[in-house]
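>
Protein chains in written order, with my numbering: chain L, 1 to 274; chain H, 1 to 274.
1. Does residue 158 (chain H) have its Cβ less than 8 Å from a Cβ in chain L?
2. Buried or exposed for residue 89 (chain L), please, with buried defined as at least 16 other CB atoms from any protein chain shown within 10 angstroms of its CB.
3. Under the DSSP definition of a beta bridge, which residues are partnered with residue 141 (chain H)?
4. For a contact defined as C-beta to C-beta under 8 Å, what are the partners of residue 128 (chain L) on chain H?
5. Which of the three DSSP states, helix, strand or coil, is assigned to residue 39 (chain L)?
6. Nearest-angstrom Cα distance between residue 149 (chain L) and residue 132 (chain L)?
7. Note down, in chain order, all residues in the segment 165 to 189 of chain H with a beta-carbon under 8 Å from any beta-carbon belonging to chain L.
8. Of all the CB atoms in chain H, is at least one closer than 8 Å to the CB of residue 93 (chain L)?
9. Between residue 82 (chain L) and residue 220 (chain H), what straight-line distance do the alpha-carbon atoms span, to the nearest angstrom?
10. Which residue comes first and which comes last in the beta strand (DSSP E) that contains residue 190 (chain H)?
11. Expressed to the nearest angstrom, what Euclidean distance is found between the alpha-carbon atoms of residue 77 (chain L) and residue 18 (chain H)?
12. Just list the residues that DSSP pairs residue 172 (chain L) with in beta bridges.
13. Under 8 Å, Cβ to Cβ, is there at least one residue of chain L near residue 131 (chain H)?
14. Given a threshold of 16 other Cβ atoms within 10 Å of its Cβ, counted over all protein chains shown, does residue 182 (chain L) qualify as buried or as exposed?
15. Provide the residue span of the beta strand (DSSP E) that contains residue 76 (chain L), from first to last.
16. What are the start and end residues of each continuous alpha helix (DSSP H) run of 4 or more residues lying completely inside the segment 181 to 233 of chain L, in chain order?
17. Let me see if you follow: with CB-CB separation under 8 Å, is residue 1 (chain L) close to chain H or not?
18. Can the beta-carbon of residue 205 (chain H) be found less than 8 Å from the beta-carbon of residue 235 (chain H)?
19. Skipping 5 residues on each side, what residues in its chain have a beta carbon closer than 7 Å to that of residue 118 (chain H)?
20. Straight-line CA distance for residue 270 (chain L) to residue 64 (chain L)?
21. Using a Cβ-Cβ cut-off of 8 Å, state whether residue 90 (chain H) counts as contacting chain L.
22. Between residue 22 (chain L) and residue 143 (chain L), how many whole angstroms is the CB-CB distance? I'm expecting something under 8 Å.
23. Find the nearest neighbour of residue 129 (chain H) within the set H:163, H:102, H:198, H:136, judged by alpha-carbon distance.
24. Could you tell me whether the segment 34 to 47 of chain L touches the segment 34 to 54 of chain H, using the rule of 3 or more Cβ pairs below 8 Å?
25. Reducing DSSP to helix, strand and coil, say where residue 58 (chain H) ends up.
26. Ignore the nearest five residues each way along the sequence and tell me which others in residue 107 (chain L)'s own chain have a CB closer than 6 Å to its CB.
27. Using the rule of at least 16 other Cβ atoms within 10 Å of the residue's Cβ for burial, across every protein chain shown, is residue 8 (chain H) buried or exposed?
28. Residues in the segment 20 to 41 of chain H with C-beta within 9 Å of chain L's C-beta atoms, listed in sequence order?
29. Tell me whether the beta-carbon of residue 70 (chain H) lies closer than 8 Å to the beta-carbon of residue 3 (chain H).
30. For residue 218 (chain H) and residue 191 (chain H), I'd like the C-alpha separation in whole angstroms.
31. Tell me which same chain residues have a C-beta within less than 6 Å of the C-beta of residue 15 (chain H), skipping the five on either side of it?
32. Within 7 Å: the Cβ of residue 138 (chain H) and any heavy atom of the ligand COA?
33. For residue 240 (chain H), write down the residues that DSSP places opposite it in a beta bridge.
34. Find out if the Cβ-Cβ distance for the pair residue 55 (chain L), residue 27 (chain L) is shorter than 8 Å.
35. Using a Cβ cut-off of 7 Å, which residues of the segment 43 to 77 of chain H contact any Cβ in chain L, in chain order?
36. What in chain H is Cβ-close to residue 103 (chain L), meaning under 7 Å?
The following block contains the structure:
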């Protein structure tokens with residue numbers, strides 16, 4: 001089910017700036033019985049990303065209510081919220097007082113195989129390099145052609161994710177995930193000040209690591225460091241934590257730090273889903 | 001008037017990948033009595049840009065017919081064609097056999113003041129730097145947040161355009177125009193192999209220069225070279241040629257090379273519009 005500006009709808013204006021320019025932001029997350037998981041975090045990210053684009057963020061209660069309606073009676077949904085700058089007048093300039101368009105889409109849960117979390121996934125390295133744009137780095141905006149092009153590099157269904165480097169050869173993340181590595185018992189995850197998307201689950205892993213007494217470094221991470229790391233795992237709000245069990249055809253084991261983080265996040269999710 | 005996939009409509013699917021990811025391309029041009037100006041060039045660019053995104057380009061006669069219908073009885077229109085990868089299934093991956101969405105929007109002519117072409121325009125230098133993404137450089141795709149952010153840097157209605165540099169300080173173009181400079185009687189325009197949009201009018205200027213016996217260099221052009229150039233002008237399909245008469249508050253004169261190019265393009269336009 002889809003709500004556009006609160007009304008049941010399946011379409012948006014052909015003049016919407018979200019379509020014309022990708023002038024908007026989005027979030028994707030799970031909802032249980034119509035309640036968004038980790039809603040406060042998701043909303044804070046949405047508000048932050050809207051602020052970067054000077055876009056008025058819809059109120060949290062409005063969006064929460066619309067998520068509930070869009071989910072209906074379904075116990076588990078995948079929800080996507082899109083906020084755009086609304087219809088175009090003409091050209092790139094925009095008025096400061098325009099009404100944003102809000103789109104809430106609730107679908108079936110994604111149904112990733114349980115083995116992805118339990119046994120781990122195969123991942124590859126994409127050839128496409130992410131461009132450095134500090135003005136938009138970290139933001140989950142609607143300009144996602146790099147992700148689309150990277151994802152089109154493979155169609156082997158056994159490969160669950162592709163990792164992306166920036167133009168300097170540093171790993172930034174997956175096409176739809178953030179990435180963590182474990183070396184010497186410590187975590188590290190790429191800095192996202194030049195490109196990439198800073199996801200809610202990335203924040204949760206960093207905080208969980210703190211509680212678990214595991215140090216977590218946020219830094220520039222060259223591909224070689226990822227390739228040689230003892231453990232690698234991928235995270236997002238729908239997938240949770242996926243250990244990488246094969247990277248560029250080299251097998252590896254889901255390790256103990258990955259499992260501790262995975263357990264910590266799972267417990268949080270279960271507490272939320274009660 | 002708007003046609004979506006050939007049918008009179010004002011909306012597109014809220015699941016369209018053009019909205020979700022900016023997964024598509026567009027063209028904007030003038031039409032006289034329903035006939036697109038420089039249509040062959042526009043269509044070739046559209047086909048090229050679709051090919052970069054592995055997107056099936058709609059047939060030229062189909063689009064031409066839809067432009068005619070969308071323009072209706074109006075003698076002058078601004079037409080925008082958007083081609084997207086169509087509705088999402090889920091995620092960044094896409095099927096190879098999906099139907100693209102085509103959107104044809106015909107509006108009133110833009111009504112730029114005639115003085116823009118005759119007397120020239122004021123322009124500024126934007127603070128935002130364009131990111132290097134060679135995989136998408138030159139393509140008029142729907143990921144245009146950089147243009148939106150750059151255009152939001154000023155609201156003085158006397159400033160018609162903002163110039164953009166890349167992260168290396170080289171001028172790439174305006175938010176909605178390509179740029180040319182004149183030094184020592186020769187033209188130069190930025191190379192667009194790392195970022196920027198390669199417009200139809202840019203190609204026309206380069207070719208017109210050849211016919212007029214004016215050399216035209218396509219090269220990396222640092223800001224300083226633009227700032228100190230004897231003549232600077234901006235081009236796009238709707239504006240034609242705009243001499244820059246003030247750049248970053250420094251006045252300058254529309255010069256003879258600009259006028260020759262402007263005249264050559266105007267003659268082509270007039271011949272097309274007969």
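We put the beta carbon where it would ideally sit given N, CA and C, even for glycine.
Just so you know, these numbers come straight off a predicted model, no measurement behind them.
Looking at the atomic coordinates:
1. no
2. exposed
3. H:25
4. 135
5. helix
6. 16 Å
7. 167, 175, 176
8. yes
9. 38 Å
10. 186 to 190
11. 23 Å
12. Answer is none; residue 172 (chain L) lacks a bridge partner.
13. yes
14. buried
15. 76 to 84
16. 200 to 212, 223 to 228
17. no
18. yes
19. none
20. 20 Å
21. yes
22. 4 Å
23. H:163
24. no
25. coil
26. 78
27. exposed
28. 20, 21, 22, 23, 24, 26
29. yes
30. 5 Å
31. 87, 88
32. Ligands in the displayed structure: none, and consequently the ligand COA is not present.
33. H:236
34. no
35. 54
36. 14
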